[in-house]
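To start, the structure itself, in structure tokens.
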Amino acid sequence: MPDKFRSQVFEPGTRIFREGEPGQQAYIIERGAVEISAYRNGETAVVARLAPGEIFGEMALIDDELRSATAVAVEETELIVIQRDQLMQPMDKADPMVTLLLRMILERFRTTQRQLSNGGAEPAAELLELDVRDGALDEIREQAIERIKLDQDIRQAIDKKEFELYYQPIIALEGGHMVGLEALMRWHHEERGFVSPVEFIGPAEESGAIVEMGRWALEEALTQNAGFQALFAKAFPDLPPLFMSVNVSGRQLISLEEIDNMVGIIEAAGADPATVKLEITETLMVEDPVHATLALERLKGYGVSLAIDDFGTGYSSLSYLHRFPLDTLKIDRSFVSNMEEVAGSRRIVRSIARLAQDLEMDIVAEGIEKTEQMAMLRDLGCTYGQGYLMSKPVPKSEIDELIESGVTW
Ligand code: C2E
Ligand code: CA
Ligand code: CA
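Its first residue numbered 218, the sequence shown is counted upward by one per residue in this note's numbering.
Set out below in structure tokens:
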């Protein structure tokens with residue numbers, strides 16, 4: 218029984234669509250056979266005979282042009298109908314580069330077809346007119362070119378030494394002294410000037426460049442931390458050494474080999490793994506929990522500590538928290554920023570804090586900008602905090618100065 222909503226049956230000899238019509242649907246052949254024919258050099262020629270499992274009619278949906286051929290059922294044929302939305306949704310989500318390539322290939326194919334139907338001669342004037350680029354394609358092309366440039370710039374930036382790490386102090390809410398630092402990447406682009414990580418981390422994750430950037434950041438942060446720790450030991454002889462928090466993209470943890478590379482970097486830097494904290498967002502844990510467990514256990518086995526970043530913003534499935542060897546939970550800035558006004562945010566912070574305590578995890582509250590927030594967080598049982606109230610992320614030299622001054626908050 219064909220499903221009325223998805224499939225349609227065509228009697229032998231029925232036309233499914235005709236060359237030159239606009240098209241809103243593509244088809245997959247369930248059973249039967251379909252002949253595709255096109256008008257060439259004054260006559261109609263069969264260009265393909267399609268069997269079950271084959272897809273057709275998709276071109277007109279992708280580039281929004283007219284059908285370039287006619288499709289006829291040669292025997293009783295059942296077709297699964299694909300609506301435009303179904304086909305376009307994954308296209309919209311695709312990398313602009315992939316979309317550009319697809320559209321360009323189609324555009325070239327159409328041009329060739331037009332020339333063929335014109336007897337192989339140069340396209341007639343009215344056909345050239347059809348060739349005028351449509352705005353949508355231009356936009357995709359521009360986006361893709363921007364993206365290619367950005368990818369290339371990112372890949373060169375490490376060699377050109379355009380990346381720099383800034384550091385933001387993480388403090389104990391009880392006592393107000395520094396306990397660690399978070400390393401945050403900055404990009405000084407030779408033409409564009411300062412580029413925010415919000416603009417380049419995402420693309421670098423997509424292109425894979427983040428893996429190399431992540432290695433660089435880890436090495437750089439740990440090298441600097443040796444210096445910070447030496448100054449800190451002098452200024453605060455009774456306090457434990459500073460830890461260094463480094464952001465790690467899920468993309469870096471996909472291969473176990475890369476994890477071993479990271480461990481190699483930590484060893485080469487001579488850092489005590491106990492003072493290395495890797496900040497990970499929950500994406501990896503949600504998308505591939507089995508692999509994530511393996512990856513995180515491997516890192517943990519080496520003695521580094523692990524923090525879950527931006528907690529509360531993503532899926533935040535509480536059920537997964539206990540499955541992973543996490544030491545620290547970072548409460549996202551969005552809950553902290555209005556907690557002194559919005560009771561709901563306060564309650565969320567309180568529940569997250571309790572949850573973390575039950576799971577014996579440390580808590581870092583992010584984005585503290587006001588003294589009231591700091592006091593409230595302390596009362597709610599948060600151990601650590603960071604935010605503009607204490608310090609914005611600053612270059613290495615300013616951290617040196619802060620430590621040497623013996624600062625507490
Ligand atoms: P994140 O890991 O959540 O880092 C915290 C962000 O909040 C930083 O933004 C920091 O400057 C900002 N912030 C800290 N305190 C306050 C505050 O009190 N108020 C406000 N309004 N903002 C505050 P930043 O440096 O722009 O970094 C943005 C994001 O880029 C980071 O978010 C992180 O996801 C990513 N990122 C930065 N560096 C790296 C890196 O080396 N590797 C990876 N994978 N991601 C990185
Ligand atoms: Ca972070
Ligand atoms: Ca964060």
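All C-beta atoms in this analysis are idealised placements derived from N, C-alpha and C, irrespective of residue type, glycine included.
Judged by DSSP secondary structure, R248 falls within the beta strand (DSSP E) whose first and last residues are Q242 to R248.
Taking non-hydrogen atoms of ligand 3 into account, the C-beta of E583 is found less than 7 Å away from one of them. The nearest non-hydrogen atom of ligand 2 is 7 Å or more from the C-beta of N442. Shortest gap from the CB of K310 to any heavy atom of ligand 3: 7 Å or more. As DSSP reads the structure, D579 sits in a beta bridge with T545. The nearest non-hydrogen atom of ligand 3 is 7 Å or more from the C-beta of D579. The continuous beta strand (DSSP E) containing V289 extends over residues T287 to A290. L382: member of the beta strand (DSSP E) spanning F380 to A389, first to last residue. The beta carbon of I569 lies closer than 8 Å to those of F528, G529, L546, I548, F552 and I580 in the same chain, with the five residues before and after it left out.
Judged by pairs of C-beta atoms under 8 Å, the segment 590-598 does not touch the segment 354-363, as fewer than three such pairs exist. Look at D549: its beta carbon is at least 7 Å from all of the heavy atoms in ligand 2. The residues I297 and V298, in chain order, have a CB closer than 8 Å to that of R223 in the same chain once the five nearest residues on each side in sequence are set aside.
Within the same chain, G467, L470 and A509 come within 7 Å of L501 by CB-CB distance, once the 5 residues on both sides are set aside. When only Cα atoms are considered, L435 and V611 end up about 17 Å apart.
Taking a contact to require three or more Cβ pairs closer than 8 Å, the segment 536-543 and the segment 560-567 do not qualify as touching. If the five residues before and after L390 are omitted, its C-beta is found closer than 8 Å to the C-beta atoms of A582, M591, L594, R595, C599, T600, Y601 and G602, all from its own chain and listed in chain order. Residue pairing by DSSP puts T294 in a beta bridge opposite F227.
Summarising the contact set, residues whose Cβ lies nearer than 5 Å to any heavy atom of ligand 1 are, in chain order, L401, M402, P414, I418, A434, N464, S466, G584, E586, G604, Y605 and P610.
For E275, the CB contacts under 6 Å within the same chain, skipping 5 residues up- and downstream, are A243 in chain order.
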